[in-house]
Structure formats: structure tokens, C-alpha cells
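With full-length UniProt numbering, letter number 8 in the sequence shown gets 8, and the count goes up by one each step, no holes. Ideal Cβ positions, reconstructed from N, Cα and C, are used throughout, including at glycine. Step one of this worksheet: look at the structure below.
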Amino acid sequence: MKTTQEFEKIYSNYWEKLYVFAYKMTGDSNLSKNIIQDVFTNLWERRAEINIISIENFLFRAVKNHILKFYRQQKHNPSVLDETLEKLTEETSEYTSSAYAEFLTPLLEKLPEKRREILLMNKLQEMNIDQIAEELQLSKQTVKNQLSSALRQIRIELAQLSWLLLGLISGSFLLNVCLILS
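Here's what the structure looks like:
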């Protein structure tokens with residue numbers, strides 16, 4: 001993010017999501033708006049020095065940290081802080097689950113239909129092998145084989161992605177080192 005246009009796009013794409021997130025945590029509209037303003041101001045001021053892989057993760061984490069900082073500075077009643085921390089944990093968990101779902105969807109789409117169905121029944125619906133076999137009218141061994149194949153295929157895809165990510169991170173690191181040394 002180097003230009004004002006890029007910043008404005010990020011601002012317009014994330015302001016409302018961040019506001020809802022902050023408001024759920026604080027229950028205070030003005031406080032939520034101020035926190036989001038601080039996060040975006042900080043992002044703009046530090047844009048040259050920070051390296052962000054996922055802007056969405058960065059923004060949500062920054063909002064969460066600002067809320068925690070606010071409550072610590074205010075020295076609220078410990079029970080209020082504990083309640084807020086609990087809410088933050090729940091909200092962050094929901095957000096993280098959503099982010100994982102977005103990441104895994106393309107991997108799941110590569111699986112054959114029946115294999116994907118079996119995997120989703122097992123992982124999302126928490127059905128065991130016997131239940132899946134009964135519902136799909138398949139043998140238990142077929143369900144085991146399909147589940148094993150699905151997990152193996154996803155592991156292979158993730159391994160390939162991790163090498164790509166490692167290469168991108170290494171390249172970025174080396175580029176930063178070269179820029180610092182020059």
C-alpha cells in the first residue's frame with residue numbers, strides 16, 4: 001500500500017467490518033469509531049515501514065489490540081476487562097474460522113465430489129465413519145479410503161502452498177536486506 005488510492009480502497013473495504021467488530025467488543029459507538037480511526041491513522045503513518053502479508057488479519061488484530069490497550073489504560077473493573085477479553089476471543093475465533101474457510105474452499109473444490117462430501121460430513125458435521133457409511137450407503141472401508149485420500153490431497157496442496165509462501169517471504173526478506181544495505 002503505497003498510494004492514497006490503495007489506502008482509500010482498503011479504508012472503504014474494511015471500515016464497516018472493523019466498526020462492527022469493535023462495537024461488538026466495546027458496546028460504544030464513539031469509542032469504536034475512534035479506535036478504527038487510530039488504526040487507519042497508524043497504518044497510513046507507518047505504511048513505508050511495515051510489511052503486511054494479509055491486510056485483513058493486520059487490521060482486525062490492530063483493532064483488537066487497541067481495544068485491549070484502551071481497557072488497560074482506563075483501569076476498568078477487572079471483571080469488565082475479563083468479559084471484554086472473552087468477547088474478543090470469541091470474535092477472533094469466529095473471524096479466524098471464516099478466514100480458514102476462505103483459504104480452504106479452493107482446496108476443497110479440487111477434490112472429487114464424493115470425496116469432498118465425505119470430508120465435509122466428517123469435519124463440519126462431525127459425523128463418524130459409521131454414520132457417513134450409513135447415510136451414503138457405502139462400506140466403512142470406502143469411507144475410510146475416501147477420507148484418507150481427501151486429507152492426503154489437501155496436505156499435498158498445503159505443502160505446495162507453504163513452499164510458495166516460504167519463497168515469497170524469503171524473497172521479501174532478501175529484498176529488504178538488499179535495500180537496507182544499499
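For MET121, the enclosing alpha helix (DSSP H) stretches over residues 113 to 123. Straight-line measurement puts the Cα of LYS64 at about 29 Å from the Cα of LYS123. The three-state reading of DSSP puts ASN51 in coil, since its state is none of H, G, I, E or B. For MET25, the enclosing alpha helix (DSSP H) stretches over residues 4 to 26. Of the candidates TRP44, ARG47, ARG61 and GLU49, ARG61 places its Cα closest to the Cα of LYS17. The Cβ atoms of ILE35 and ILE55 lie no closer than 8 Å to each other.
Boundaries for LYS110: no alpha helix (DSSP H) harbours it, and the DSSP string shows neither H nor E there. DSSP places GLU135 inside the alpha helix (DSSP H), whose first and last residues are 129 to 136. DSSP places ARG46 outside both helix and strand once states are collapsed to three, so it counts as coil.
In the structure shown, the three-state DSSP call for SER139 is coil. Exclusion of the five residues before and after LEU111 leaves LEU119, ALA150, GLN153 and ILE154 as the residues of its chain whose Cβ lies within less than 8 Å of its Cβ. If you draw a straight line from the Cα of LEU108 to the Cα of VAL39, it is about 34 Å long. With a cutoff of 8 Å on beta-carbon distance, TYR19 and LYS33 are scored as near each other.
Burial is judged here by how many other beta carbons sit within 10 angstroms of a residue's own beta carbon; ALA48 has fewer than 16 and is exposed.
Taking every protein chain shown into account, the CB of ALA159 has fewer than 16 other CB atoms within 10 angstroms, so this residue is exposed. Around the beta carbon of ILE132, 16 or more other beta carbons lie within 10 angstroms, which makes this residue buried. Rounded to whole angstroms, ASP28 and TRP15 show a C-alpha spacing of 16 Å.
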